[in-house]
């Protein structure tokens, strides 16, 4: 394995606007503000928004950050089952009127004509053992890449996901879309099963460590400090966080952004931020009331490190430091 920054593909479903938890965009910013990481590309998947909107949001964020050199590949629009769940379908219809247009001509520079699953498979195969995958949406693109190229199981360095609820935290660790399921796994439990069963070294950053009780929240005063210096980038950042605070998808923190996806990104920079327990993870795929539930079976032979605790203060300090890197770089660039 070569020395240098850790090579990462970010698989994501970014939403920007009212009713969106814009932590996907914040995770992207964290990656680009961290010299320890080298972002190989962004792949998009349905989830918070339909996949076309997710792609537009990723391109928009990269344009705002000044990183249109990062390729963006659009991926799956529906789960492996082929049918979008009714709740998501209804939300996507509402988004058509509430989220407004995207200036496609201005942001298109980074889009590539490759399916996300192919981009993942080809990038990993081109550098065996060197590329990590950070997946912070439904795992459909990842599962498709594995199904298309089974050799990916041994070629990829590892996978880190924001996903799952393992009931280790009594208030927040039991699900945010149903009483037992976390949103990303619930979005495509069949894909999650494929990924967890693949035997690839994984870290699962779930709701047990991404919640107010663990301190993984950016509050309004911290946000305002980040955007105090006015630049086009900080105006974009302010828009992202302002709507997140005022109208989040999951209202877990008063005047604060729960940083679900950035916690997963941060573990790639500093694994010591989290405490993990080795396990084999099963995913419920059929239960009428339990679809998307994740069950961790403790096992030293398991391929998954399930996050059970986090140093919330240290994480928030690292997160704000890395976003300040982007603000400073933007100021110098302009």
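Residue numbers (the numbering used here): 11 to 344. The beta-carbon is built from N, C-alpha and C at its ideal position, and this holds for glycine as well.
Might you give, ordered along the chain, the residues of its own chain that have their beta carbon closer than 8 Å to the beta carbon of residue i, omitting 5 neighbours on each side?
| i | result |
| --- | --- |
| residue 223 | 179, 181 and 182 |
| residue 132 | 124 |
| residue 277 | 170, 213, 215, 283, 284 and 317 |
| residue 249 | 26 |
| residue 341 | 239 and 241 |
| residue 192 | 173, 174, 175, 185, 186, 216, 217, 302 and 304 |
| residue 18 | 41, 47, 48, 49, 50, 141, 142, 143, 144 and 278 |
| residue 79 | 120 |
| residue 230 | 255, 265 and 266 |
Could you give the C-beta distance for residue i and residue j, rounded to a whole number, given that I count them as a contact under 8 Å?
| i | j | result |
| --- | --- | --- |
| residue 322 | residue 226 | 5 Å |
| residue 85 | residue 126 | 3 Å |
| residue 164 | residue 215 | Not really, about 23 Å apart at Cβ, beyond 8 Å. |
| residue 293 | residue 328 | Actually they are not in contact, since the Cβ atoms of residue 293 and residue 328 sit about 30 Å apart, beyond 8 Å. |
| residue 290 | residue 312 | 4 Å |
| residue 74 | residue 22 | With a Cβ gap of about 15 Å, residue 74 and residue 22 do not count as contacting. |
| residue 36 | residue 42 | That pair is no contact at about 11 Å. |
| residue 349 | residue 87 | Residue 349 lies beyond the range of the chain shown here (11 to 344); nothing can be said about it. |
| residue 319 | residue 219 | 6 Å |
| residue 176 | residue 306 | 5 Å |
| residue 137 | residue 168 | Not quite, the Cβ-Cβ distance comes to about 13 Å (not below 8 Å), so this is no contact. |
| residue 188 | residue 302 | 7 Å |
| residue 334 | residue 309 | 41 Å between Cβ atoms; not a contact. |
| residue 244 | residue 337 | 6 Å |
| residue 204 | residue 156 | 6 Å |
| residue 45 | residue 15 | 7 Å |
| residue 159 | residue 135 | 7 Å |
By DSSP's criteria, residue i is part of a beta bridge. Which residues make up the other side?
| i | result |
| --- | --- |
| residue 307 | 290 |
| residue 47 | 16 |
| residue 121 | 82 |
| residue 152 | According to DSSP, which records beta bridges pairwise, residue 152 is partnered with nothing at all. |
| residue 284 | 320 |
Specify the secondary structure class of residue i as computed by DSSP and reduced to three states.
| i | result |
| --- | --- |
| residue 141 | strand |
| residue 134 | helix |
| residue 315 | strand |
| residue 341 | helix |
| residue 323 | helix |
| residue 331 | helix |
| residue 21 | strand |
| residue 104 | helix |
| residue 115 | helix |
| residue 126 | helix |
| residue 157 | helix |
| residue 99 | helix |
| residue 336 | helix |
| residue 202 | helix |
Starting from the C-beta of residue i, find all residues in its chain whose C-beta is less than 7 Å away, skip the five residues before and the five after it, and write them out in chain order.
| i | result |
| --- | --- |
| residue 83 | 51, 53, 122, 124, 125, 126 and 129 |
| residue 200 | 89, 90, 91 and 295 |
| residue 198 | 89, 90, 148, 149 and 150 |
| residue 324 | 283 |
| residue 112 | 66 and 70 |
| residue 237 | 244, 247 and 248 |
| residue 195 | 173, 174, 202, 293, 302 and 304 |
| residue 209 | 163 and 313 |
| residue 154 | 86 and 127 |
| residue 330 | 232 and 236 |
Apart from the five residues just before and just after residue i, which ones in its own chain have a Cβ nearer than 6 Å to its Cβ?
| i | result |
| --- | --- |
| residue 11 | In this predicted model, residue 11 has a pLDDT of only 45, less than 50, meaning its place in the structure is not dependable; the value taken from the coordinates is given anyway. 139 and 140, listed in sequence order. |
| residue 246 | 74 |
| residue 263 | 222 and 227 |
| residue 64 | 23, 24 and 54 |
| residue 257 | 28 and 29 |
| residue 94 | 88 |
| residue 270 | 33, 172 and 220 |
I want to see whether chain D comes within less than 8 Å of residue i, judged by CB atoms only; does it?
| i | result |
| --- | --- |
| residue 229 | In the structure shown, chain D does not exist; there is a single protein chain. |
In chain order, what are the residue ranges of uninterrupted beta strand (DSSP E) at least 3 long that sit wholly in the segment 26-93? 47-54 and 82-84
Give the list of continuous beta strand (DSSP E) stretches no shorter than 3 residues that lie fully inside the segment 205-279. 212-215, 227-229 and 266-268
Whole runs of the beta strand (DSSP E) within the segment 160-198, excluding any shorter than 3 residues: 168-172
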